[in-house]
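Counting from 1, one number per residue, gives the positions in the sequence shown under the UniProt record's numbering.
In this text, a Cβ means the ideal position worked out from N, Cα and C, and glycines have one as well.
In what follows, a single structure is set out as structure tokens and then discussed.
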Amino acid sequence: MELISVQQLVSGDRYEGKVRAFEVLARGAAQEPEGWRHGVAGVRDAVHEEKQKVKEDRRKKLETLNNSRVRLESLQDLEAIVRLRKQKRSRKRVRPTEPKPEPAVLAEPVDAVRFLQAVLENQVPMIDKYLADGGDPNVHDQFRCTALHWACLRGHAEIVDKLLAAGAKLEPRDMLEATPVLWACRGGHLDVLQRLLDRGAKVSTRDKLRSTALHVAVRTGHCDCAEHLIACGAEIDAQDKEGDTPIHDAIRLGRFKAVKTLLMYGANLSVWNQEALRPVDLVKDWQRGIRHTLQTCADRQRPPRPH
1 MELISVQQLV SGDRYEGKVR AFEVLARGAA QEPEGWRHGV AGVRDAVHEE KQKVKEDRRK
61 KLETLNNSRV RLESLQDLEA IVRLRKQKRS RKRVRPTEPK PEPAVLAEPV DAVRFLQAVL
121 ENQVPMIDKY LADGGDPNVH DQFRCTALHW ACLRGHAEIV DKLLAAGAKL EPRDMLEATP
181 VLWACRGGHL DVLQRLLDRG AKVSTRDKLR STALHVAVRT GHCDCAEHLI ACGAEIDAQD
241 KEGDTPIHDA IRLGRFKAVK TLLMYGANLS VWNQEALRPV DLVKDWQRGI RHTLQTCADR
301 QRPPRPH
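Structural data, given as structure tokens:
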């Protein structure tokens, strides 16, 4: 806040200063532009100069825009642009490849527990060390699961080849009497399943619950494995301990893609399980469309009545 002396208050100089300052400011604002002092001709010249300046700015902007655009005057120009864009994309995609670290040489021996853990974690150097030292490839854990079981479940095809080459049994059975073929179907690894079957593994093998590999593939929803098993001769209407066929399991679990695959290969819809239920009886009440489709397929499968 401004302080006022007694003299200014009495004489009024403070207010006179404010008035004078206002008058100076007013006179400066009221001054005419330089072009206006020469009358109407000066105003016209000022307006003309302003228009010329705007036109020049527009011309420069348009020239800059035209220079930035790509000119296509011939087919060669278009080909050159396409070639340059491809080169630009390739430069973006190509990344410098980092050199792979050399595998560490394991000096200490690998025991059976570390070997099975290495199979789970896909640690190839540790597996090679174990097998090179004469380790048993058929060693198993407390559930009688061998390294081949775990490799098939995880889909480690390279390890599967190494184990089989080292003398691993093709069809060892775990505590539930499941073979690696069933484990490969449970994991959904078609390449591993093909390796096992090509080496002579049985496609019709069953576990303790009388489930086949096709049962397992359908329950887990791996239709590619199921289709390969059918192509290799798997029994499509095989029944497990409860009398369920693969299509029983597919309908009960809602695996409708598997249902379609099984129907395409001629699955029987008239088989009764231990509870006296056919596959169509397992369809939920609200699934009317599916029930109608399955019932139509079942009617077509019935033999015609003799006349």
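Pull up the distance between the alpha-carbon of leucine 163 and that of threonine 261, whole angstroms please.
For the pair leucine 163 and threonine 261, the Cα-to-Cα distance works out to about 33 Å.
Taking just the CA atoms, how far does threonine 293 sit from arginine 305?
With a pLDDT of 49 at arginine 305, under the threshold of 50, the modelled position of this residue cannot be trusted; read the value that follows with caution. Whole-angstrom Cα-Cα distance: 22 Å.
What are the start and end residues of the alpha helix (DSSP H) that includes glutamine 194?
In the DSSP annotation of this structure, the continuous segment of the alpha helix (DSSP H) that includes glutamine 194 starts and ends at 190 to 198.
What are the residues that DSSP puts in a beta bridge with threonine 146?
Looking at the DSSP assignment, threonine 146 forms a beta bridge with His140.
Do you know how far the Cα of leucine 78 is from the Cα of arginine 85?
Separation of arginine 85 and leucine 78 (C-alpha to C-alpha, rounded to the nearest whole angstrom) is 11 Å.
Where does arginine 173 sit, in a helix, a strand or coil, going by DSSP?
Of the three classes helix, strand and coil, the one that applies to arginine 173 here is coil, per DSSP.
Under the rule that 16 or more other beta-carbon atoms within 10 Å means buried, what is leucine 75, buried or exposed?
Residue environment analysis places leucine 75 among the exposed positions, since fewer than 16 neighbouring C-beta atoms fall within 10 angstroms of its C-beta.
Report all residues from its chain with a CB closer than 8 Å to the CB of tryptophan 272; omit the five preceding and five following residues, and keep chain order.
These residues qualify, in order along the chain: Gly243, Arg278.
Reduced DSSP category for arginine 210 - H, G, I as helix; E, B as strand; rest coil:
DSSP places arginine 210 in coil when its eight states are reduced to three.
Do you know whose CA, among Asn122, Glu108, Trp150, lies nearest alanine 132's CA?
The shortest Cα separation from alanine 132 among Asn122, Glu108, Trp150 belongs to Glu108.
Which residues in the same chain have their Cβ closer than 7 Å to the Cβ of leucine 209, if we skip the five residues on either side of it in sequence?
The residues are Asp240, Lys241.
Tell me whether glutamate 49 is buried or exposed, calling it buried when 16 or more other Cβ atoms sit within 10 Å of its Cβ.
Under this definition glutamate 49 is an exposed residue.
Using C-beta distances below 7 Å, list every residue in its chain close to leucine 282, excluding the 5 sequence neighbours before and after it, in chain order.
For leucine 282, where only same-chain residues beyond five positions count, the Cβ hits under 7 Å are His248, Ile251, Arg252.
Status (buried if at least 16 other CB within 10 Å, exposed otherwise) for phenylalanine 115
Looking at its Cβ environment, which holds 16 or more other Cβ atoms inside 10 Å, phenylalanine 115 is buried.
Take aspartate 141 as the anchor and find which of Lys257, Pro172, Asp57, His228 has the nearest alpha-carbon.
Of Lys257, Pro172, Asp57, His228, the residue nearest in Cα terms is Pro172.
Buried or exposed for arginine 255, please, with buried defined as at least 16 other CB atoms from any protein chain shown within 10 angstroms of its CB.
By the neighbour-count rule (16 or more Cβ atoms within 10 Å), arginine 255 is buried.
Glycine 134 to glutamate 227, Cα distance in whole Å?
Straight through space, the alpha carbons of glutamate 227 and glycine 134 are spaced by roughly 38 Å.
Any chance you could list the alpha helix (DSSP H) runs of at least 4 consecutive residues sitting entirely within the UniProt repeat "ANK" (242 to 274), in chain order?
Qualifying alpha helix (DSSP H) stretches, in chain order: 246 to 252, 256 to 264.
Helix, strand or coil for leucine 282 per DSSP?
Under the three-state reduction of DSSP output, leucine 282 falls in the helix class.
Would you kindly check if the distance between the Cβ of histidine 189 and the Cβ of cysteine 223 is under 9 Å?
The answer is no: Cβ separation not under 9 Å.
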